[in-house]
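Protein chains: 2
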Amino acid sequence: MEERQISKAVIKRLPRYYRYLEEILNNGIERISSGELSSKMQVTASQIRQDLNNFGGFGQQGYGYNVKYLYDEIGKILGVHQIHPMIIIGGGNFGHALANYDFEKNGFVTKAIFDVRPELEGTFIRGIPVLMMNQLEDFISRETVEIAVLTLPKSQVAEAAQRLTRCGIKALWNFAHLDLDVPEDVVVENVHLVDSLMQLSYRISNSEEEQI
Amino acid sequence: MEERQISKAVIKRLPRYYRYLEEILNNGIERISSGELSSKMQVTASQIRQDLNNFGGFGQQGYGYNVKYLYDEIGKILGVHQIHPMIIIGGGNFGHALANYDFEKNGFVTKAIFDVRPELEGTFIRGIPVLMMNQLEDFISRETVEIAVLTLPKSQVAEAAQRLTRCGIKALWNFAHLDLDVPEDVVVENVHLVDSLMQLSYRISNSEEEQI
Numbered sequence: 002m003e004e005r006q007i008s009k010a011v012i013k014r015l016p017r018y019y020r021y022l023e024e025i026l027n028n029g030i031e032r033i034s035s036g037e038l039s040s041k042m043q044v045t046a047s048q049i050r051q052d053l054n055n056f057g058g059f060g061q062q063g064y065g066y067n068v069k070y071l072y073d074e075i076g077k078i079l080g081v082h083q084i085h086p087m088i089i090i091g092g093g094n095f096g097h098a099l100a101n102y103d104f105e106k107n108g109f110v111t112k113a114i115f116d117v118r119p120e121l122e123g124t125f126i127r128g129i130p131v132l133m134m135n136q137l138e139d140f141i142s143r144e145t146v147e148i149a150v151l152t153l154p155k156s157q158v159a160e161a162a163q164r165l166t167r168c169g170i171k172a173l174w175n176f177a178h179l180d181l182d183v184p185e186d187v188v189v190e191n192v193h194l195v196d197s198l199m200q201l202s203y204r205i206s207n208s209e210e211e212q213i
Numbered sequence: 002m003e004e005r006q007i008s009k010a011v012i013k014r015l016p017r018y019y020r021y022l023e024e025i026l027n028n029g030i031e032r033i034s035s036g037e038l039s040s041k042m043q044v045t046a047s048q049i050r051q052d053l054n055n056f057g058g059f060g061q062q063g064y065g066y067n068v069k070y071l072y073d074e075i076g077k078i079l080g081v082h083q084i085h086p087m088i089i090i091g092g093g094n095f096g097h098a099l100a101n102y103d104f105e106k107n108g109f110v111t112k113a114i115f116d117v118r119p120e121l122e123g124t125f126i127r128g129i130p131v132l133m134m135n136q137l138e139d140f141i142s143r144e145t146v147e148i149a150v151l152t153l154p155k156s157q158v159a160e161a162a163q164r165l166t167r168c169g170i171k172a173l174w175n176f177a178h179l180d181l182d183v184p185e186d187v188v189v190e191n192v193h194l195v196d197s198l199m200q201l202s203y204r205i206s207n208s209e210e211e212q213i
């Protein structure tokens, strides 16, 4: 596939395409027009054509998209056909919940959870070992780790991010409610829950203007 | 304050402004220029001026922004100075983690958690009662509830959303990995964790093109 510069907005929409295509595929549908996909996804058909054109000729005029092919190609673009080994930093409520989540299905495999509480040492969450923070550097030097998930309190997360990037970790999935200061070659994806709630409360008070 | 149509992109940035201004305020800083705010937030100064102009005259040329005033006004716009009563549907790992999160600070107060497992009946998470799903309609008719947080498995969430909107709930914070089909006057804010991870994996394989 040809390399192109793809806008962030398109990238943000790709996982949603992937999710819908999976559902359509599971329903045994082999071909779908941009019009049908449009009504399912509540995105305009022209938006869909435009987005998918970024990745070359998936569709044929008057014939629609090959669902399986499109699904696989978007999967490749998103990198979900590879294994992405992860570690979770922080075995509190959120770390625990994330360790229990079925991310493996899309290639995201959690190899260990790190915490500082000695009573958690030697325990397992869904078969995943809980290790101590002082084992972090050693673990990363021995094992392949691609993504570190940060579920630490705000006050501890900056130091943890620094330790991780010093060990060569290039991808952080950050749940702490602050923006991390990391080297340029490190990618950070934030899940800022409070920001999301604030957007909800804004939309509640302005819901008369809302469109999906 | 004058009513204006504000773009979604600006709304998405407001919680981040709010967060930075809180930090600046806590550091005892009373005035800040768009240039200083810009270097802290890694957004261009012209973007900041443009965003904040949406809400009228917060700044004065050559004098900067009054931090407290700007913080308060953005807080009002986001609706965080009001109480937003919430209920959490699903007392599993995620529901549990969310119940333990300090959202009250910004006005988001969880009043109850609903689950179907009888062994959870009568228990509390951080003082918040766990009620049974068959008490849902009755609870909502007696209490003021603004936001329902959905942390149910994918297979159960559509039905729960239907029950909630039938009871008049107008705001859903959805953690299930699907898009909800709700009446037009209901606002939904999604936290799709898998989508977020996929964006991260896309960015890992394309990180040479990255800019913050």
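Chains A and B are the protein sequences, given in the same order. If you're matching positions, the first sequence starts at 2 in our numbering and goes up one per residue. If you're matching positions, the second sequence starts at 2 in our numbering and goes up one per residue. Quick reminder that beta carbons are idealized off the backbone N, C-alpha and C, glycines included. Since this is a predicted model, take the numbers as computed values, not measurements.
Self-check item: Three-state secondary structure assigned by DSSP to Asp103 (chain A)
Solution: In the three-state reduction of the DSSP assignment, Asp103 (chain A) falls in the coil class.
Quiz item: What are the residues of the region 124–149 of chain A that lie near chain B, defined by any Cβ-Cβ distance shorter than 9 Å?
Solution: Those would be Glu147, Ile148, in chain order.
Quiz item: How many angstroms separate the CA atom of Ile114 (chain A) from the CA atom of Leu151 (chain A)?
Solution: Approximately 10 Å, taken between the alpha carbons.
Quiz item: Would you call the region 156–169 of chain B and the region 181–190 of chain B touching, i.e. three or more CB-CB distances under 8 Å?
Solution: Segments in contact, yes.
Practice problem: Kindly say whether Arg204 (chain B), judged by its beta-carbon, lies nearer than 7 Å to any beta-carbon of chain E. | Solution: Chain labels in this structure do not include chain E; the protein chains are A and B.
Quiz prompt | Nearest to Ser142 (chain B) (by Cα), restricted to the options B:Arg167, B:Ile129, B:Leu79 | solution = Of B:Arg167, B:Ile129, B:Leu79, the residue nearest in Cα terms is B:Arg167.
Practice problem: Return the chain-ordered list of same chain residues with a C-beta closer than 8 Å to the C-beta of Tyr21 (chain A), the five sequence neighbours on each side being excluded. | Solution: Counting only Cβ-Cβ distances below 8 Å, and skipping sequence neighbours, we find Leu38, Lys41, Met42.
Quiz prompt | Any C-beta of chain A under 7 Å from that of Ser35 (chain B) | solution = No, because no Cβ of chain A sits closer than 7 Å to the Cβ of Ser35 (chain B).
Quiz item: Anyone know if the C-beta pair for Gly80 (chain B) and Leu153 (chain B) falls short of 7 Å?
Solution: Going by C-beta atoms, Gly80 (chain B) is not nearer than 7 Å to Leu153 (chain B).
Exercise. Could you tell me whether the Cβ of Ile89 (chain A) comes closer than 7 Å to any Cβ of chain B?
Key: No, no contact with chain B.
Exercise. Within its chain, find whatever has a CB closer than 8 Å to the CB of Lys69 (chain B); leave out the 5 residues flanking it on each side and keep chain order.
Key: Once the five neighbours on either side are set aside, the close Cβ partners of Lys69 (chain B) are Leu26, Glu31.
Quiz item: Given that Pro16 (chain B) touches chain A, what residues does it touch there, using C-beta distances under 9 Å?
Solution: Going along chain A in sequence order, the residues near Pro16 (chain B) (Cβ under 9 Å) are His193, Val195, Asp196, Ser197, Leu198, Met199, Gln200, Tyr203.
Self-check item: Ala98 (chain B) vs Asn94 (chain A) beta-carbon contact at 7 Å
Solution: In this structure, Ala98 (chain B) places its C-beta atom within 7 Å of the C-beta atom of Asn94 (chain A).
Quiz item: Out of A:Asn107, A:Gly123, A:Val188, A:Phe104, which has the shortest C-alpha to C-alpha gap to Leu201 (chain B)?
Solution: Relative to Leu201 (chain B), the option among A:Asn107, A:Gly123, A:Val188, A:Phe104 whose CA is nearest is A:Val188.
Quiz item: Taking 7 Å as the CB-CB cut-off, is His82 (chain B) touching chain A?
Solution: In terms of beta-carbon proximity, His82 (chain B) stays away from the interface with chain A, with every pair separated by 7 Å or more.
Quiz item: Span of the beta strand (DSSP E) holding Pro86 (chain A)?
Solution: Following the DSSP letters along the chain, one finds Pro86 (chain A) inside the beta strand (DSSP E) bounded by residues 85–90.
Quiz prompt | Pairwise C-alpha distance: Ser197 (chain A) and Lys13 (chain B) | solution = Their Cα atoms are separated by approximately 8 Å.
Quiz prompt | Option in B:Glu23, B:Met199, B:Glu138, B:Val110 with minimal Cα separation from Ile129 (chain B) | solution = Ranking the options by Cα distance to Ile129 (chain B), first place goes to B:Val110.
Quiz item: Taking 7 Å as the CB-CB cut-off, is Asn175 (chain B) touching chain A?
Solution: So, not an interface residue.
Quiz item: Under 9 Å Cβ-Cβ, which residues of chain B neighbour Lys171 (chain A)?
Solution: Going along chain B in sequence order, the residues near Lys171 (chain A) (Cβ under 9 Å) are Ile205, Ser208.
Self-check item: Span of the beta strand (DSSP E) around Met133 (chain B)
Solution: 129–133 is the span of the beta strand (DSSP E), which, as asked, contains Met133 (chain B).
Quiz item: For Asn175 (chain A), which of helix, strand or coil comes out of DSSP?
Solution: The answer is strand: DSSP assigns Asn175 (chain A) an E or B state.
Quiz item: Given Glu190 (chain B), which residues of its chain have a CB within under 6 Å of its CB, disregarding the five upstream and five downstream residues?
Solution: In chain order, Trp174 place their CB closer than 6 Å to the CB of Glu190 (chain B), counting only its own chain and leaving out the 5 sequence neighbours on each side.
Self-check item: C-alpha distance - Tyr64 (chain B) paired with Lys9 (chain B), whole-angstrom precision
Solution: Tyr64 (chain B) and Lys9 (chain B): Cα-Cα distance of roughly 29 Å.
Quiz prompt | Secondary structure of Val110 (chain A), DSSP reduced to three states | solution = Of the three classes helix, strand and coil, the one that applies to Val110 (chain A) here is strand, per DSSP.
Quiz item: Can you find a CB in chain A that lies within less than 7 Å of the CB of Glu190 (chain B)?
Solution: Interface residue, yes.
Exercise. Pull up the distance between the alpha-carbon of Ala172 (chain A) and that of Glu144 (chain B), whole angstroms please.
Key: For Ala172 (chain A) and Glu144 (chain B), the distance between alpha carbons rounds to 43 Å.
Quiz prompt | Same chain, Cβ closer than 6 Å to Met133 (chain A), neighbours up to 5 away in sequence not counted | solution = Glu122, listed in sequence order.
Quiz item: Just checking my contact of Pro86 (chain A) with Met199 (chain B) at CB under 8 Å: how many whole Å lie between their CB atoms?
Solution: Cβ atoms of Pro86 (chain A) and Met199 (chain B) stay farther apart than 8 Å, at about 16 Å.
Practice problem: Taking all protein chains shown into account, decide if Asp139 (chain A) is buried (16 or more other Cβ within 10 angstroms of its Cβ) or exposed. | Solution: Exposed is the call here.
Exercise. Could you check which residue in B:Asn207, B:Tyr203, B:Ser208 has the C-alpha nearest to that of Tyr19 (chain A)?
Key: Taking each of B:Asn207, B:Tyr203, B:Ser208 in turn and checking the Cα distance to Tyr19 (chain A), the smallest one comes out for B:Tyr203.
Quiz item: How would you call Glu3 (chain A), buried or exposed, if buried means at least 16 neighbouring beta carbons within 10 angstroms?
Solution: Low confidence applies to Glu3 (chain A): its pLDDT is 45, below 50, so where it sits in the model is not reliable, and the reading given next is rough at best. It is exposed - the Cβ of Glu3 (chain A) has fewer than 16 other Cβ atoms within 10 Å.
Exercise. Whole angstroms is fine: what's the gap from Ser206 (chain A)'s alpha carbon to Glu24 (chain B)'s?
Key: The straight-line gap from Cα to Cα measures roughly 25 Å.
Practice problem: Could you tell me whether any Cβ in chain B is nearer than 7 Å to the Cβ of Ile12 (chain A)? | Solution: A Cβ of chain B is located within less than 7 Å of the beta carbon of Ile12 (chain A).
Practice problem: Kindly say whether Phe109 (chain A), judged by its beta-carbon, lies nearer than 7 Å to any beta-carbon of chain B. | Solution: Judged by the 7 Å Cβ criterion, Phe109 (chain A) is in contact with chain B.
Practice problem: Determine the direct distance from the alpha carbon of Asp103 (chain B) to that of Leu194 (chain A), and round the result to whole angstroms. | Solution: It is roughly 11 Å from the alpha-carbon of Leu194 (chain A) to the alpha-carbon of Asp103 (chain B).
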